[in-house]
Every structure is written in C-alpha cells, then in structure tokens.
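Q:
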Amino acid sequence: MGEVAGVGTPPDGGHVATCLALLCLQEDGHLTPSRPAGQAVRAGGLVDLVLAGRLVEEADAVDLLSGPDAGPVAEALVREVDADPERPLADLVERGRAGLAEAAGALVGRGLWVPRASLLPWRPGRYRPADPSLSRTVLAPALAGVGTGGATPTPGRAATAVLATVAGLVDGRFAEADETLLAACGPAEWVTRTAAEVITVSRRWQDALGRTTIADLGTPW
C-alpha cells in the first residue's frame, strides 16, 4: 500500500499481497481469521506474478513463467502450482494454502511488523506495526479513497483496492468490485476480476448454505 500518499516507503517492494496483509492485522495483534481475507491475500500474490511478468493469460491457457521474485506469497503460490500444474487459478484463490503466514513472516523479517507476546499460548502470532503509518487505521481510510480523485491509480494500487473491498478489509463491509478500478488494473485486470468473482461467489455460497463460521465473520478491527 506504499503508493498511498503519506504512508511512506512501499512495504516489501510494494507487493499487492503484502499490502493486503497489512489490512488483516486486528487491534488485538492477531491476524483476522476471515476466509475472504486469506483469499484476497492469495489473489494479491497472483496479481504480483502478473505485474512481474510471470503469470500470462493466453488465448486458451494461463502460463506461469520464470522471472524476478514476486514476493513471498506469490512464490508460495508458484510452489503450489508446481505441485499440481492442472489446478485452476480459481481453486488456488479459494482453497490454496499460501497467504497470510508467508506475508506475516516477510513483514516481520523486514522489520515492518514486530512480534508480540500472545495472551493465549494456544493462539500464537501477534504483531504490531513498527511504524504507525503501516497500521490499518491509517491504510484503510486512504485505500477507501482510491479512484475517487482525479488521478488514475497504478495497476497494483487499483488491484489492492478491488480485492480489499470484496473481502471486507476496508470498512468491514463486503462490496462489489468497482468496474472503474478493475479497468485501472491494466495488465492485472483479468486476474483481479477472476479473483474478485471467486471471493464473492465463495462468500455467497457459504452464506446460502448456512455455513458461515466464526472464521468467515472475522474482521480485522
């Protein structure tokens, strides 16, 4: 999310997955257990692969290429694809193993998150932002304004806004993807649109079957 004015240096090279992970830190220092949040972070990893030129949509297929490191979540997704090359990207977004754990590890490794002692020994993994500008109370309001001003957001920032919105990471409410922001995703529009649809359909399916769990209801504040 480092592209937001006043926020400072882009964390982890400005990777979309890491920016989304920053929005998943609850006030108690735990990562939100929300299912859509994990899906959004994985989707961000796919966007990072596209923006790095590693994930390419062809006429009848999607190709995964070698190239520059696209961030910890993206590289974890690459390993999942390598283990099952026929796995659809939609299923990877919905049920993949990669996501918040990899992003959290990278944020701690770069000194952007500081580990905190857990109050409950059976629920480890508490953190705090090393810089207040990286807290969700600063990032979420700034992200809510993406696309409302005169300047067109960069593809990474637009994708971050779309995925955060459909996953309820901006203000706790789930919303539809904005078409203007999707168009601003540029080369990553196709994967952002696909992921946004997966997150939305998955959430509606769970609700329709009455399978909403505490994890599904988890919000980051």
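Using my numbering, you'd call the opening residue of the sequence shown number 35 and step up by one each time.
We put the beta carbon where it would ideally sit given N, CA and C, even for glycine.
Just so you know, these numbers come straight off a predicted model, no measurement behind them.
1. Go to residue 204, then tell me how far its beta strand (DSSP E) extends in each direction, as first and last residue.
2. Residues in the same chain with beta-carbon distance under 8 Å from residue 214, minus the five sequence neighbours each way, listed in chain order, please.
3. Check residue 107 in the structure and name its three-state DSSP category.
4. Roughly how far, in whole angstroms, is the beta-carbon of residue 88 from the beta-carbon of residue 77, given that I think they are within contact range, below 8 Å?
5. Between the region 91-105 and the region 53-61, do three or more beta carbon pairs fall short of 8 Å?
6. Report the partner residues of residue 165 according to the DSSP bridge assignment.
7. Check whether the Cβ atoms of residue 232 and residue 124 lie closer than 8 Å to each other.
8. For residue 168 and residue 67, I'd like the C-alpha separation in whole angstroms.
9. To which residues of the same chain is residue 237 closer than 6 Å at the C-beta, ignoring the five residues directly before and after it?
10. To the nearest whole angstrom, what separates the beta carbons of residue 218 and residue 186, a pair I think is in contact under 8 Å?
11. Kindly indicate which three-state DSSP category residue 43 falls into: helix, strand or coil?
12. Any Cβ of chain D within less than 8 Å of the Cβ of residue 197?
13. Distance check for residue 192 and residue 220, CA to CA, integer angstroms please.
A: Reading it off the structure:
1. Note, residue 204: premise wrong, no beta strand (DSSP E); not H, not E.
2. These residues qualify, in order along the chain: 181.
3. Looking at residue 107 - three-state DSSP - the assignment turns out to be helix.
4. In fact, because the Cβ distance is near 15 Å, the residues do not count as touching under 8 Å.
5. No, because fewer than three Cβ pairs between the region 91-105 and the region 53-61 fall closer than 8 Å, the two stretches do not touch.
6. For residue 165, which the question treats as bridged, DSSP gives no partner whatsoever.
7. Cβ atoms of residue 232 and residue 124: closer than 8 Å.
8. Between the alpha carbons of residue 168 and residue 67 lies a distance of about 20 Å.
9. Only 70 meet the Cβ criterion.
10. With a Cβ gap of about 6 Å, residue 218 and residue 186 count as contacting.
11. Unreliable placement is indicated for residue 43, whose pLDDT of 36 sits below 50; the coordinate value is still reported in the next sentence. In the three-state reduction of the DSSP assignment, residue 43 falls in the coil class.
12. As a matter of chain content, chain D is missing from the structure shown, which is built from one protein chain.
13. Taking the straight line from one Cα to the other gives about 9 Å.
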